[in-house]
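> Residue numbers (the numbering used here), protein chains in the order written: chain S, 2 to 303; chain F, -14 to 251; chain X, 880 to 1263.
Before I ask anything, let me first share the structure, which is written out below as structure tokens.
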């Protein structure tokens, strides 16, 4: 007999009669969901419905005289016609910024995930931490960096990349740079997450099977990081298209995007039907681009 | 030959460091401007070193009022969104539900909708309903867009949790409530804290949605936006730098604590 | 439930669990005597873990009873049962230190003070000085002992062990097997051990139940099952067997006569599970002996002649494959005692056995005739 004979005995288990199995919890999950779902319904779904209604109001009404619902579908073509250039610009700028962000973000995410070793956490912090500084303040900092008498413009003028009167601020370049900067972390983080999960042995296996560095990247790393690439692209593109801060702070009315127009429709011109119609056009356009993209990206995966 | 080989091997690293510089450059500028005595109100160039801005961050009392208001709004929105979002995450992660996919869409959509549209739609609703815009409409809006992020964050933590730990607790005489209190909650807590921090930072930094629903209430981003036209007091950069440092400190201490634990583990 | 039920026996009565269309456990009936060490052995997916979870209360039976000392506990919630579990990969609470992990069950039942009991338990387990460590800072063996301490301190009537040694390396496994056995004997607690490792089951358990597809194929003492398996599944799951397909040709006093590939064999009727129709004649590889020619075969033995096709030296023994014509390939283990001649591929040899060591199993007529023994690892070698 081992010392176990002296185990702290708990003789006489107190046992209660068989209780019913938890069927009483059936309603619990719905109760847990109720407040949150109600909130999303009241302050997300309902407002969208109201926005849809507002986009069909009589365009001749005003905030002071009140709006009447006249199912004015004409608001849409009218808004599109009036602000076609800004629409085009939004997608052009966001698209250009996306390409730039991919060129910058992929190497960064790759290095953090695969090459950083013990510096990984520090690098991640460097990507995340700027997001905690007010993004308006950061965008204003770009104004300083790109200003006409700043060192950057001076440098570019000296190497004749810019003419003697050339400038960066108040140009499309500044707006695209700002967009790229502001939303780059949204692209890098999901990309990093999927690269980090990538099994390094796959890369070694590919190298072992006679693939060059480039072929390995093209045939193994890139396809396997596709989920992160898709998520990051969407997280970048959607807010970038709807942004108007960069155009406002770093550009001029010549660089205004659709966001600036919507902002002024609601807050300056107080033309709600037009602003609502433009908002819906923006979502529809984004959805169209996103679904088109997802479909192609999804096919490629297969 | 050797150089080109070295370049071929390390150019990715070089590009990554450049990109990192691009990400950090504005922060450096903000930090520099926070210790700058500007030449005039509209100048954003470095002129003269001073610590006055740090010594006296509330020189512009409007700005400090705005910061305080943002903190209040952020706090309320965080508490509400974290509570509601955590409950939802538990329901979604732990129970079989009817209409789960519909729910997931409802949670995902606010994150996929441009903030601009979230802002304008809420504005039309508040105007149509005759709700006076101000402090509370901002809170309502902030809870709405923070909620989805909280649900996603907490749900991920719950999904990563080993169900057998709860089974083990039940096996060791813990009732459902005790299991939740002693095992589930402590293990999910880091996820909840992370969600709360995320919610606060989202709320504190939000400009676009707030801009449509604030009425005459001025939050910190609203103040910066307004001041941008008239000339920004350098104290704004003090706030920006301080926020960056606080975030850095939070993240670093949590990684260091985790890293330390891993080190002691052979 | 043939015998009288003593106070602490664990009885499973017609226990069934279905998941949708899949039947995980199919009308299982077992009696596990108080204080015994019982092993449920089977491949992954055979229903052994589901059985364990139903006893622990983590899974509700579709039908049937779990009786502990005559009381049905099948529908009690887990925390109301005097049963504790050592989970596969332990499920130690990562946010609690070793002391709090071990004290968890005592605290939940409101037992106070816990200090003395926990320290005594940790001392017993050789975990002194580990009180304030977190599970992540422990080695696999230490975690295993904490998991065991955490369960044993509650002095359960039944301790359930779900592949508790699966995560340990071979050496540690052996040591823990012996230790577990010692603890079980000392504590007098019923141990129900679920494993896919036949060697582990045989080393530790008094009684082994071999499970397949939700049912018990055979139940008995390890030696009994090994020496006289009841089905072809058991014959090949528990160790290896040479199964030669044949047909019963008649009886001869105490023997059953079999024809296989035109050759006549006999098996004592006490070792026959079938006495008519298609059968398997089974012989364990280590019960076969090799000699150079038929004249060397001792009287009373039966034999097959063939050619060595493979010889693997594995230290304690050499494992041969002997092709005995007619597609019959026998596996033969010869102990490397130094008294035996070594054969190489291509050598002619005769394999003989004592009919007392053979066994006869029923075979469905439509079953193919696997004259070649199953030489792969037992199916259960895959981990759950």
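We treat Cβ as the ideally placed atom computed from N, Cα and C, and that holds for glycine.
Given this structure, state the Cα-to-Cα distance separating residue 1017/X from residue 62/F, to the nearest angstrom.
Residue 1017/X sits at position 138 when you count from the first residue of the third chain. Residue 62/F sits at position 77 when you count from the first residue of the second chain. Cα-Cα distance, rounded: 41 Å.
> From what residue to what residue does the alpha helix (DSSP H) around residue 1081/X run?
Working through the third chain from its first residue, we reach residue 1081/X at position 202. Residues 1077 to 1083.
> So which of 12/F, 161/F, 17/F and 44/F has the shortest CA-CA distance to residue 957/X?
Start at 1 with the first residue of the third chain, and residue 957/X comes out as number 78. Out of 12/F, 161/F, 17/F and 44/F, 161/F has the C-alpha closest to the C-alpha of residue 957/X.
> I'd like to know whether the C-beta of residue 1/S is nearer than 9 Å to at least one C-beta of chain F.
The displayed coordinates of chain S run from 2 to 303. Any statement about residue 1/S would go beyond what the structure contains.
> For residue 1168/X, list the residues DSSP reports as bridge partners.
Residue numbering aside, residue 1168/X sits at position 289 when the third chain is read from its first letter. In DSSP, residue 1168/X forms a bridge with 1231/X.
> Determine, using beta carbons only, whether residue 968/X comes closer than 9 Å to chain F.
Residue mapping note: residue 968/X aligns to position 89 of the third chain, counting from 1. Yes, because at least one Cβ of chain F sits closer than 9 Å to the Cβ of residue 968/X.
> Compare the C-beta of residue 254/S against all C-beta atoms of chain F and say whether one is closer than 9 Å.
Counting from one through the first chain, the residue named residue 254/S turns up at place 253. Chain F, which has no Cβ nearer than 9 Å to the Cβ of residue 254/S, makes this no.
> Look at the alpha carbon of residue 28/S and the alpha carbon of residue 80/F, and state the distance between them as a whole number of angstroms.
The residue you call residue 28/S lines up with position 27 of the first chain. The residue you call residue 80/F lines up with position 95 of the second chain. Their backbone Cα atoms lie some 10 Å apart in a straight line.
> In chain order, which beta strand (DSSP E) runs of at least 3 residues are fully inside the stretch 1013 to 1094 of chain X?
With a minimum length of 3 residues, the continuous beta strand (DSSP E) runs that stay inside the stretch 1013 to 1094 of chain X are 1037 to 1041, 1069 to 1074 and 1086 to 1091.
> Spatial neighbours of residue 1212/X within its chain, please: CB distance less than 6 Å, with the 5 preceding and 5 following residues excluded, ordered by chain position.
The residue given as residue 1212/X occupies position 333 in the third chain. Closer than 6 Å at the Cβ level, and outside the excluded window around residue 1212/X, lie 1164, 1165, 1196 and 1198.
> For residue 220/S, does the three-state DSSP call read helix, strand or coil?
The residue you call residue 220/S lines up with position 219 of the first chain. Residue 220/S falls in the helix class under three-state DSSP.
> Can you list the residues of chain F that residue 76/S reaches, using a CB-CB cut of under 9 Å?
The residue given as residue 76/S occupies position 75 in the first chain. Those within 9 Å of residue 76/S in chain F number zero; the least Cβ separation is about 13 Å.
> Tell me which residues share the same chain as residue 179/F and place their Cβ nearer than 7 Å to its Cβ, disregarding the 5 neighbours each side in the sequence.
Reading the second chain from its first residue, position 194 is the one you call residue 179/F. Hits under 7 Å: 138.
> Just to confirm, is the Cβ distance from residue 251/S to residue 217/F under 9 Å?
On the first chain, position 250 is the one that residue 251/S refers to. On the second chain, position 232 is the one that residue 217/F refers to. Not a contact, by the Cβ cut-off of 9 Å.
> Between residue 976/X and the rest of its own chain, which residues show a CB-CB distance below 7 Å, the 5 nearest in sequence each way excluded?
By 1-based counting over the third chain, the position of residue 976/X is 97. Within the same chain, residue 976/X has close Cβ partners 1010, 1011, 1012 and 1013.
> Could you work out which residue in -5/F, 75/F and 191/F is closest to residue 146/F when comparing CA atoms only?
For the purposes of this step, residue 146/F is taken as the residue at position 161 of the second chain. Closest by alpha carbon: 75/F.
> If you draw a straight line from the C-alpha of residue 1004/X to the C-alpha of residue 1101/X, how long is it?
As a working mapping, residue 1004/X is identified with position 125 in the third chain. As a working mapping, residue 1101/X is identified with position 222 in the third chain. Distance between the alpha carbons of residue 1004/X and residue 1101/X: 28 Å.
> Taking Cβ positions only, does residue 257/S come closer than 9 Å to chain F?
Within the first chain, residue 257/S is the residue found at index 256, counting from 1. Not an interface residue.
> Are the C-beta of residue 1008/X and some C-beta of chain F separated by less than 9 Å?
What you label residue 1008/X is simply residue 129 of the third chain in a count that begins at 1. Closer than 9 Å: no.
> Between the stretch 218 to 225 of chain S and the stretch 195 to 207 of chain S, do three or more beta carbon pairs fall short of 8 Å?
With a cut-off of 8 Å, the stretch 195 to 207 of chain S and the stretch 218 to 225 of chain S count as touching, because enough Cβ pairs lie within range.
> Under 9 Å between the Cβ atoms of residue 115/S and residue 199/S?
Sequence index remark: in the first chain, residue 115/S carries index 114 (1-based). Sequence index remark: in the first chain, residue 199/S carries index 198 (1-based). Yes. Within cutoff.
> Would you mind sorting residue 292/S into buried or exposed? The rule is 16 or more other CB atoms within 10 Å of its CB.
As a first step, residue 292/S must be located in the first chain, where it is residue number 291. It counts as exposed.
> Looking at C-alpha atoms only, which residue of 1169/X, 1177/X and 1135/X is the closest neighbour of residue 1158/X?
Position 279 of the third chain holds residue 1158/X. For residue 1158/X, the nearest C-alpha among the options comes from 1135/X.
> List the DSSP bridge partners of residue 70/S.
Within the first chain, numbered from 1, the residue matching residue 70/S stands at position 69. Answer is 58/S, bridged to residue 70/S.
> Taking C-alpha atoms, which residue in 890/X, 1171/X, 1210/X and 1161/X lies nearest to residue 858/X?
Since the first residue shown for chain X is 880 and the last is 1263, residue 858/X is missing from the structure and cannot be characterised.
> Using 8 Å as the cut-off, classify the Cβ of residue 0/F as near or not near the heavy atoms of the ligand ZN, replying yes or no.
Ligands in the displayed structure: none, and consequently the ligand ZN is not present.
> Using three-state DSSP, classify residue 142/F as helix, strand or coil.
On the second chain, residue 142/F is found 157 positions in, with the first residue counted as 1. It is helical.
> Can you list, in chain order, the residues of its chain whose CB lies under 7 Å from that of residue 1138/X, leaving out five sequence neighbours each side?
Taking the third chain and counting its residues from 1, the one referred to as residue 1138/X is at position 259. Within the same chain, residue 1138/X has close Cβ partners 1125, 1126 and 1128.
> Run the CB neighbour count on residue 1079/X, radius 10 Å, all protein chains shown included, and call it buried at 16 or more, exposed below.
Here residue 1079/X refers to the residue found at position 200 when the third chain is read from its first residue. By the neighbour-count rule (16 or more Cβ atoms within 10 Å), residue 1079/X is buried.
> So is residue 1050/X buried or exposed if we call it buried at 16+ other beta carbons inside 10 Å?
One-based indexing of the third chain puts residue 1050/X at position 171. Flag for residue 1050/X reads exposed.
> Which residues in chain F have a C-beta closer than 9 Å to the C-beta of residue 958/X? List them in chain order.
Counted from its first residue, the third chain places residue 958/X at position 79. Neighbours of residue 958/X on chain F, chain order: 154, 155, 156, 157, 158, 159, 160, 161, 163 and 164.
> Measuring alpha carbon to alpha carbon, tell me which residue in 1140/X, 1224/X and 1043/X is nearest residue 857/X.
There is simply no residue 857/X to check, as chain X begins at 880 and stops at 1263 in what is shown.
> Expressed to the nearest angstrom, what Euclidean distance is found between the alpha-carbon atoms of residue 1099/X and residue 1108/X?
To locate residue 1099/X, count along the third chain from 1; it is residue 220. To locate residue 1108/X, count along the third chain from 1; it is residue 229. Cα to Cα, residue 1099/X sits roughly 10 Å from residue 1108/X.
> Compare the C-beta of residue 937/X with all C-beta atoms of chain F and state if any pair is closer than 9 Å.
Position 58 of the third chain, counted from the first residue, corresponds to residue 937/X. Judged by the 9 Å Cβ criterion, residue 937/X is in contact with chain F.
> Counting only C-beta atoms, is residue 973/X closer than 9 Å to chain F at any point?
Within the third chain, residue 973/X is the residue found at index 94, counting from 1. Output row for residue 973/X: interface = yes.
> What number of angstroms, rounded off, separates the C-alpha of residue 102/S from the C-alpha of residue 248/S?
Sequence index remark: in the first chain, residue 102/S carries index 101 (1-based). Sequence index remark: in the first chain, residue 248/S carries index 247 (1-based). If I take the Cα positions, the gap works out to 17 Å.
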